[in-house]
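Reading through the structure tokens given below for one structure.
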Amino acid sequence: MTKLKAGVGVRVITPPVGVPLGGYAARVEPARGVHDDLHARALVLEADGERAALVSLELLYATRDLVEEVRKVCEEEAGIPPDSVMVTAVHTHSGPSLVGFHSTPRHRYLEEYLHLLPGLVASAVIEASRKLVEVNVRYGRGRVDGWLVNRRKPGEGPIDPEVSALCLEHEGDALCTIVNFACHAVVLGHNNLLISADYPGYVSKTVEHVLGGSCLFLNGACGDVNPLTPGTSLERVYDRSIGTFRHAEEMGTAVACEAVKALLGSRPSSARGVWAARRSLELRVRELPRVSSEELETTRRAFEDALARGDWGEASKLRFKLAMMELVKRVGERCPGGVLRTEVQALRVGDVVIVGLPGEPFVEVGLRIKSSSRASLTMVAGYANDAIGYLPTDEAFEEGGYEVSLPVCIVERGAADKLVNEAVKLVEELLAKG
Numbered sequence: 075m076t077k078l079k080a081g082v083g084v085r086v087i088t089p090p091v092g093v094p095l096g097g098y099a100a101r102v103e104p105a106r107g108v109h110d111d112l113h114a115r116a117l118v119l120e121a122d123g124e125r126a127a128l129v130s131l132e133l134l135y136a137t138r139d140l141v142e143e144v145r146k147v148c149e150e151e152a153g154i155p156p157d158s159v160m161v162t163a164v165h166t167h168s169g170p171s172l173v174g175f176h177s178t179p180r181h182r183y184l185e186e187y188l189h190l191l192p193g194l195v196a197s198a199v200i201e202a203s204r205k206l207v208e209v210n211v212r213y214g215r216g217r218v219d220g221w222l223v224n225r226r227k228p229g230e231g232p233i234d235p236e237v238s239a240l241c242l243e244h245e246g247d248a249l250c251t252i253v254n255f256a257c258h259a260v261v262l263g264h265n266n267l268l269i270s271a272d273y274p275g276y277v278s279k280t281v282e283h284v285l286g287g288s289c290l291f292l293n294g295a296c297g298d299v300n301p302l303t304p305g306t307s308l309e310r311v312y313d314r315s316i317g318t319f320r321h322a323e324e325m326g327t328a329v330a331c332e333a334v335k336a337l338l339g340s341r342p343s344s345a346r347g348v349w350a351a352r353r354s355l356e357l358r359v360r361e362l363p364r365v366s367s368e369e370l371e372t373t374r375r376a377f378e379d380a381l382a383r384g385d386w387g388e389a390s391k392l393r394f395k396l397a398m399m400e401l402v403k404r405v406g407e408r409c410p411g412g413v414l415r416t417e418v419q420a421l422r423v424g425d426v427v428i429v430g431l432p433g434e435p436f437v438e439v440g441l442r443i444k445s446s447s448r449a450s451l452t453m454v455a456g457y458a459n460d461a462i463g464y465l466p467t468d469e470a471f472e473e474g475g476y477e478v479s480l481p482v483c484i485v486e487r488g489a490a491d492k493l494v495n496e497a498v499k500l501v502e503e504l505l506a507k508g
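Written out as structure tokens, the structure reads:
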């Protein structure tokens, strides 16, 4: 019988106080403190000589540059091929800005932090690869109601209340649990200036407290789904300034308890294999406004002048304008010929398949992949391996709104369908093995 082995590694990846926080354009001040540490949690799996790694980062995104660096080190130091390393982010909006898209005029330490980050993440994988022990698998699913709202169509649009959980046990004790749930990590709003993993951090902490071991949280396809915490107004569903740390803890605890309940009612699976596959994908990019070097330099000088005279309001506006221009310029440089090259990935553990999607796919994308999958349990992780902005449905493009506007959405309509089709093919490919 095939023996399945697993190992876990954890690193604290909390940035220094003073970094700009990512996720909210309206936030103009840098981090003032740390409410809870951010972590990189890594799981390495091995069976029949095949190795794979899954990483969950308590960050806003897993950028392409970060993922490539981590994969390179993992191949060199742990013998894990790039196709078998999946790096995801929980999408907290209370962590460091990773792509320069922020409005903070004055900040510190970001470049130094980003320089250290790949090594910290990769070291968690290397540690996990050196601690492999034989494990059994159990998995289950549940649902939480009352915590989600489709922010584009409050009270009417689709949501995915399913909580999926997989537990790897060594000698009867939990070594690692994976929890998958689809909701933007925005319990805390732009007015929060403390570093935090938001509700996903509480999911991991609670599961670890109850079951033991480590818990990797995988945020799902939730580009259009927000938390429905106490005080949330359906008339102002994008306004998260009402969110508190207590709300984040309550939501995280609710999700964690459902995951634990699903696992406690499950039976160990006899399936033991590990397989992974990755598919390159080309998406058409929308026509972007032209940004010249002269325009960029003029805006940069105006921003520096506003800083020098202490005009913080003007400096904040110019910082955001500069961020928008730089982002558009970078997109143009990355997408020659109007083509964005990204990827879809899948990892199979016994009867369970984990699909990794880049960017911020809408909830319908995840639901379609799940409904098309023949796996006993299918987890869909957004924010995986690349940060490419929102991936709306074609219907959403017709309706308009924030998530389909430039530069937060750079792809043309049809991108979501491509993503679904490639993901379904990958799942079928992995299910045919073993």
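For what it's worth, our numbering labels the leading residue of the sequence shown as 75, then goes sequentially.
Built from N, CA and C at the ideal position, the CB exists for glycine as well.
Bear in mind the structure is a predicted one, so any value in this text is a computation, not a measurement.
Thinking C-alpha only, which one of the options is nearest residue i?
| i | options | result |
| --- | --- | --- |
| L240 | K507, H181, L338, S479 | L338 |
| D491 | G317, G463, P435 | P435 |
| R360 | V402, G508, I200, C331 | V402 |
| E236 | V429, K444, V195 | K444 |
| G193 | L222, V147, G214 | V147 |
| H321 | C409, L355, A376, V260 | V260 |
| T251 | W349, L505, G81 | G81 |
| V164 | V144, L267, V277 | V277 |
| L500 | V427, E201, S238, S367 | V427 |
| D110 | A99, A100, V91, L505 | V91 |
| L133 | V118, L290, I154 | L290 |
| P89 | E149, G214, Y187 | Y187 |
| E368 | E388, R352, M399, G387 | M399 |
| R408 | Y98, P104, T280, R138 | R138 |
| V405 | K205, P155, L480, Y98 | L480 |
Mind reading off the beta-carbon distance from residue i to residue j? Whole number of angstroms is fine, and I expect it under 8 Å.
| i | j | result |
| --- | --- | --- |
| L262 | S390 | 20 Å between Cβ atoms; not a contact. |
| G286 | A328 | Incorrect: roughly 20 Å between the Cβ atoms, too far for contact. |
| S343 | G424 | 5 Å |
| N254 | G294 | 6 Å |
| L396 | R374 | 6 Å |
| L392 | A382 | 12 Å between Cβ atoms; not a contact. |
How about residue i and residue j: are their beta carbons less than 7 Å apart?
| i | j | result |
| --- | --- | --- |
| V454 | G440 | yes |
| L357 | L414 | yes |
| R442 | V494 | yes |
| L421 | A136 | no |
| V102 | H181 | no |
| A116 | A198 | yes |
| V284 | V334 | yes |
| C296 | A256 | yes |
| G96 | S203 | no |
| A497 | V437 | no |
| V348 | E503 | no |
| L451 | S238 | yes |
| R225 | N300 | yes |
| G83 | E201 | yes |
| G214 | A336 | yes |
| G326 | I316 | no |
| A100 | H258 | no |
| T416 | D460 | yes |
| V118 | I269 | no |
Exposed or buried, what is residue i when buried is set at 16 or more other beta-carbons lying within 10 Å of its beta-carbon?
| i | result |
| --- | --- |
| K77 | exposed |
| R341 | exposed |
| Y312 | exposed |
| D122 | exposed |
| E120 | buried |
| G477 | The amino acid at residue 477 is misidentified as Gly; the sequence shows Glu. Per the 10 Å Cβ criterion, buried. |
| R346 | buried |
| D298 | buried |
| P274 | buried |
| V86 | exposed |
| T372 | exposed |
| L222 | buried |
| A330 | buried |
| L191 | buried |
| D379 | exposed |
| P363 | exposed |
| R106 | exposed |
| G456 | buried |
| P410 | exposed |
| A470 | buried |
| R314 | buried |
| E332 | buried |
Could you pull out every residue in the same chain whose Cβ sits closer than 6 Å to the Cβ of residue i, ignoring the five residues on either side in sequence?
| i | result |
| --- | --- |
| E208 | K77, K79 |
| G463 | G433, V482, C483, I484 |
| E323 | Y276 |
| E282 | C289 |
Which same chain residues, not among the five before or five after residue i, have their C-beta less than 7 Å away from its C-beta?
| i | result |
| --- | --- |
| D219 | P235 |
| D232 | In the sequence as displayed, the identity of residue 232 is Pro instead of Asp. Excluding positions up to five away in sequence, the list reads N224, V437, E438, L441. |
Among residues of its own chain, excluding the 5 on either side of residue i, which ones have a beta-carbon nearer than 8 Å to its beta-carbon?
| i | result |
| --- | --- |
| G229 | V223, L308 |
| V195 | R85, I87, A114, A116, V129, L131, L140, V144, V161 |
| D468 | R487, G488, A490, D491 |
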